[in-house]
Every structure is written in C-alpha cells, then in structure tokens.
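See structure below.
In our numbering, the protein residues as written are 66 to 182.
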C-alpha cells in the first residue's frame with residue numbers, strides 16, 4: 066500500500082507537469098480546472114490507500130497477538146474503519162494533505178504566471 070501512495074504522488078506531479086507544459090503553449094483557464102480536478106482525484110485516491118493500509122495494520126496487530134489456533138484468517142477490515150482509519154481522516158492526514166496542498170499551490174502559481182505573466 067505504501068508503494069501505491071508513492072506512485073500516486075509521482076503520477077500526480079507528472080500529470081500536473083504535462084498540463085503546465087500544455088498551458089505554456091496556450092494560456093487557457095481550462096487547464097487550471099483540469100489540473101485542480103486531477104489533483105483532487107489523486108488526493109482522494111491517496112487517502113483511500115492510506116486508510117486501507119491503516120486498517121490492515123490494525124488487523125495485523127490483532128492477529129499477531131492471537132494464538133495460532135484462534136486465528137480465523139479473515140481479511141475483513143471493515144471493523145477497523147474507525148478513528149484515524151477512515152477515508153476522510155486519512156485524506157487529511159499530514160502525510161497526504163501537505164503534499165497535495167503544495168502541488169495545488171505550485172500549480173496555482175505556475176498557471177497565474179502563464180495567464181497573467
């Protein structure tokens with residue numbers, strides 16, 4: 066799950082760079098909207114994978130404390146969807162929102178330079 070988060074952040078930066086390259090040729094407001102929507106989608110997806118990772122870690126902690134005969138080998142993590150393991154709380158965790166807010170700010174600055182500069 067951690068590698069998914071890394072790949073999502075990399076794809077987000079790659080896509081925004083490509084959109085900025087397109088915007089350099091043709092200063093258009095539509096590129097800003099496309100970049101914001103794509104960053105928000107990647108942000109939500111990264112939060113989803115982080116919430117799943119936290120849920121599986123919670124499941125692992127419970128299973129690791131059990132005796133071998135008491136383990137039922139269920140991979141159902143729905144009961145671990147509480148507190149900081151929810152999708153919303155993972156989306157706004159420091160490790161996720163700092164990166165994507167920085168991407169949004171940099172995108173805004175670059176697009177303003179293309180349009181107004």
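We put the beta carbon where it would ideally sit given N, CA and C, even for glycine.
Note that the structure is predicted; figures quoted are calculated from it, not measured.
What separation, rounded to the nearest whole angstrom, lies between the Cα atoms of residue 88 and residue 136? Residue mapping note: residue 88 aligns to position 23 of the chain shown, counting from 1. Residue mapping note: residue 136 aligns to position 71 of the chain shown, counting from 1. Straight-line Cα distance between these residues: approximately 55 Å.
Determine the direct distance from the alpha carbon of residue 114 to that of residue 147, and round the result to whole angstroms. Reading the chain shown from its first residue, position 82 is the one you call residue 147. Reading the chain shown from its first residue, position 49 is the one you call residue 114. Their Cα atoms are separated by approximately 15 Å.
Have a look at 152, 77, 120, 155 and flag the residue whose alpha-carbon is nearest the alpha-carbon of residue 140. Here residue 140 is taken as the residue at index 75 of the chain shown, counted from 1. It is 120.
On the criterion of 16 or more Cβ atoms from any shown chain inside 10 Å, does residue 100 qualify as buried, or is it exposed? By one-based count along the chain shown, residue 100 stands at place 35. Counting Cβ neighbours within 10 Å, residue 100 comes out buried, since at least 16 surround it.
Within the stretch 101-169, note down every full alpha helix (DSSP H) run reaching 4 residues or more, in order along the chain. 152-156
Contacting residues, own chain, Cβ-Cβ under 6 Å from residue 169 (five flanking each side not counted): In the chain shown, counting from the first residue as 1, residue 169 sits at position 104. Counting only Cβ-Cβ distances below 6 Å, and skipping sequence neighbours, we find 104.
How many Å lie between residue 85 and residue 180 at the Cα? Here residue 85 corresponds to residue number 20 of the chain shown, with the count starting at 1. Here residue 180 corresponds to residue number 115 of the chain shown, with the count starting at 1. About 11 Å.
What does the alpha-carbon distance come out to for the pair residue 97 and residue 134? For the purposes of this step, residue 97 is identified with residue 32 of the chain shown, where counting begins at 1. For the purposes of this step, residue 134 is identified with residue 69 of the chain shown, where counting begins at 1. Going by the C-alpha atoms only, they are around 57 Å apart.
Contact between the stretch 171-180 and the stretch 121-133 is defined here as three or more beta-carbon pairs at a separation below 8 Å; is this criterion met? no
Exposure of residue 130, with buried meaning 16 or more beta-carbon neighbours within 10 Å: In the chain shown, the residue the question calls residue 130 occupies position 65. With fewer than 16 Cβ atoms within 10 Å of its Cβ, residue 130 is classed as exposed.
Inspect the beta-carbon positions of residue 157 and residue 77 and report whether they are closer than 9 Å. As a first step, residue 157 is located in the chain shown; it is residue number 92 there, counting from the start. As a first step, residue 77 is located in the chain shown; it is residue number 12 there, counting from the start. Their beta carbons are not under 9 Å apart, which means residue 157 does not touch residue 77 by this criterion.
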